[in-house]
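Residue numbers (our numbering): 5 to 152.
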């Protein structure tokens, strides 16, 4: 299986998982390759008025994952335009998916960004923890409408 096919497969798995958890989900139509005029994120998902813009990265073995400066800046810009939050979802081999806010990624000397295995393990959270946090709103958030 090609790298592009593997990447697309993992994007679909995350998109399907988010859908099953109650999110509205779109997977980027040209996600994963080809020449395009504007940036298309791997996944855009929404629940309870919160929008996630997700770049998906999978590696069979642990190691640093680099994201080009231009792609990183466009991820942040897309999230800003969508009034959402940009995340990078990372999976090494059979480990569980972990996510971290894109703004917390480490810059390299060339202006690219890098996700290091130690960083994603320390600063990232399990994807399912993020899902649970976004799905579970305190009851008071539903009561505020009558308090004017």
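Note that CB positions come from ideal geometry on N, CA and C, so glycine has one too.
For clarity, every value in this text was computed on a predicted model and none was experimentally measured.
According to DSSP, is residue 50 part of a helix, a strand, or is it coil?
For residue 50, the three-state secondary structure derived from DSSP is strand.
Do residue 63 and residue 14 count as a contact pair if the criterion is CB distance below 7 Å?
no
With distances taken between CB atoms, is the gap from residue 88 to residue 55 smaller than 7 Å?
yes
Per DSSP, what are the beta-bridge partners of residue 104 in this structure?
92
Check the C-beta distance from residue 71 over to residue 103 and give it rounded, since I have them as a contact under 8 Å.
Contact doesn't hold; Cβ gap of about 14 Å is too wide.
Assuming residue 106 and residue 79 are in contact, meaning their beta carbons sit under 8 Å apart, how far apart are those beta carbons, in whole angstroms?
6 Å
Indicate whether residue 101 and residue 90 have their beta-carbon atoms separated by less than 7 Å.
The Cβ atoms of residue 101 and residue 90 do not sit closer than 7 Å to each other.
Between the CA atoms of residue 140 and residue 133 - distance to the nearest angstrom:
Roughly 11 Å between the two C-alpha positions.
Helix or strand or just coil, what does DSSP make of residue 59?
strand
Member of 58, 84, 109 and 49 whose CA lies at the smallest distance from the CA of residue 73
109
Whole angstroms are fine: how far does the CA of residue 113 sit from the CA of residue 60?
23 Å
Using three-state DSSP, classify residue 109 as helix, strand or coil.
When DSSP states are grouped into helix, strand and coil, residue 109 belongs to the coil group.
By a C-beta neighbour count over all protein chains shown, 10 Å radius and 16 as the cutoff for buried, is residue 67 buried or exposed?
exposed
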